[in-house]
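Below you'll find the structure, written out as structure tokens, and then a few comments.
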Amino acid sequence: MADFSGGFVSSEGGSLLVRQLDRSIGLTRGLAGCFVDRRDPRFVEHEVPELLAQRLYGLALGYEDLSDHSDLRRDPLLAVAADKIDPLGENRDEDNRGKALAAPATLQRMESAVDHPGSSYHKLCPKIGLMREYLLRSAVRTLSKNERVVVIDFDATDARLHGRQEGRFFHGYYGDYCYLPLLGYIGSVPVWAQLRTANRDAAHGTVAALEQIVPELRRRCPKARIIVRGDSGFCREETMSWCEAHGVDYCLGLARNERLTALLRPTMDRARERAALCGGHTRLFTEFEYRTLDSWRRSRRVIGKAEILGEKDNPRFVVTNLGPADYPPQPLYEELYCARGDMENAVKEHQLDLFGERLSCAGFAANELRLLFASFTHLLMERLRSIGLEGTELARATTGTIRQKLFKIAALVEISVRRIRVRLASACPRQQLFAAVHRNLMAWTDPG
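Residue numbers (the numbering used here): 716 to 1163.
The following block contains the structure:
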């Protein structure tokens, strides 16, 4: 026989770990300072940190839509994680009794307030600029002050739209209506998230982002060499000139053309000869000075890769201001430039596991807020990996894997006058891992 009379049981046992991490690093507490709360305190049932914890923890646990919170608001363990004083909702009015957390409508007003300034119905107003600055500061704090090399990765990706959202444009490359977010990472840590319409260049806003990121990095890591890395969509004169003027290095993909192909031809011919002798697959590297006919103001160092893949030629180019003494052609391409693949995996995690492409609000600014929520949750999960999961089997796991193996644990919640006791499932197959993560989080101290 089976029924639903098991009491206050939650399937989100891992939310306790997310709560412990958040309390240690103070992420949602600091994020609450980016909101202006014009509500009358006498009638406030859900404080800003509680609303943010509910929203970000929900994303971490796999609930991408606000409509999911219609049922989640009954979850006693999520209410405990969000620091609700009455996690069973026993002291609320008759219509909301048993529902400790905020309703989807309350969360929606928080998200859409940015599109309705001065509205009497939207009194909890986020400041997008402050949120972006707080994301940057929080991300940079994860770096050691003694870092010697810091690589900033930029990428533009699509967030497909399925309605009449503000700022909706068709993008020929992606073949659909979408937004074109600009995302920045240092390693797998998100440092920049900016929503853009799709009717602009992929590199639009990169210099403005660097003007904020680079000074923050230099304050944190004064001895570090800063390298900007990106694909050919970011190879723009404006970006390279800014880097050269501010003592920043760059390593950017360069789209091939007839002039570049001609300069690489001698190396490509040698690669074909070598491929004929060693099974049809080989690659050689060269470098040369190159300047476009009209868009570049000076000549720059270009690395060319002459690769033969059976019957297919695969020439590639990278432009950089890094010197050949420290970065010879082959290591620069294979070890530095190709390492941006890790960042592309982080972008996929942001979009797929943390729902960074779920931008279904009507207003553009509200959708940027959603993009930032996904980035803050990504930062939370990255800190969980580096602090709580260090040395465990999930140290390099994606959010989706962590969610499946560590978060989805049945838990019985018992509440008394003095304490809240959570009884996790006795048959949980990863009890030792859960305990190890908890120990790591409890032992961690902020190095400043």
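By construction, the Cβ of each residue, glycine as well, lies at the ideal position given by its N, Cα and C atoms.
Beta-carbon proximity list for residue i, same chain, < 7 Å, skipping 5 on both sides
i	result
residue 827	837, 1076, 1078 and 1081
residue 1014	1004, 1005 and 1006
residue 971	1030 and 1032
residue 804	811, 812, 813, 814 and 815
Counted within 10 angstroms of its Cβ, other Cβ atoms place residue i as buried (16 or more) or exposed
i	result
residue 1024	exposed
residue 938	exposed
residue 1020	buried
residue 903	buried
residue 967	buried
residue 960	exposed
residue 814	buried
residue 825	buried
residue 1008	exposed
residue 725	buried
Assigned secondary structure, residue i (DSSP; H/G/I helix, E/B strand, else coil)
i	result
residue 788	coil
residue 920	coil
residue 829	helix
residue 938	coil
residue 996	strand
residue 949	helix
residue 929	helix
residue 1057	helix
residue 1052	helix
residue 813	coil
residue 799	coil
residue 1158	helix
residue 1165	In the structure as shown, the chain starts at 716 and stops at 1163, and residue 1165 therefore has no counterpart that could be examined.
residue 773	helix
residue 1021	strand
residue 963	coil
residue 670	Only positions 716 to 1163 of the chain appear in the structure, and residue 670 is not among them; the question remains open.
Same chain only: Cβ atoms within 8 Å of residue i, ignoring 5 sequence neighbours per side
i	result
residue 1002	1016, 1017, 1018, 1019, 1039 and 1044
residue 980	none
Beta-carbon proximity list for residue i, same chain, < 6 Å, skipping 5 on both sides
i	result
residue 777	1118
residue 764	743, 744 and 747
residue 975	1032
residue 737	743
Closest Cα partner of residue i within the set the options
i	options	result
residue 1159	1128, 1139 and 1104	1104
residue 944	931, 927, 965 and 959	965
residue 746	724, 771 and 936	771
residue 957	941, 925, 840 and 970	925
residue 755	839, 768, 817 and 819	839
residue 848	1149, 1101 and 1087	1087
residue 947	1100, 750, 1053 and 808	1053
residue 929	1130, 729, 882 and 941	941
residue 1163	774, 855 and 761	855
residue 1060	1050, 905 and 909	905
residue 797	1042, 783 and 766	766
residue 863	749, 933 and 1099	933
residue 802	808, 789 and 809	789
residue 893	1135, 1150, 1128 and 1072	1072
residue 1096	753, 718 and 732	732
residue 845	899, 1083, 784 and 1129	1083
residue 1051	786, 868, 1139 and 782	868
Residue i beta carbon near the ligand NAD (any heavy atom closer than 7 Å)
i	result
residue 1156	Ligands displayed in this structure: none; no statement on the ligand NAD is therefore possible.
Those runs of the alpha helix (DSSP H) which lie wholly inside the stretch 1076 to 1148 and span at least 4 residues: Counting only runs of 4 or more, we get 1079 to 1098 and 1114 to 1117.
Contiguous beta strand (DSSP E) assignments of at least 3 residues, all confined to the stretch 833 to 907: As far as the stretch 833 to 907 is concerned, its whole beta strand (DSSP E) runs of at least 3 residues are 839 to 841, 864 to 871, 884 to 886, 891 to 894 and 897 to 901.
Length-filtered (4 minimum) alpha helix (DSSP H) runs lying within the stretch 722 to 765: 730 to 740 and 742 to 746, all fully within the stretch 722 to 765.
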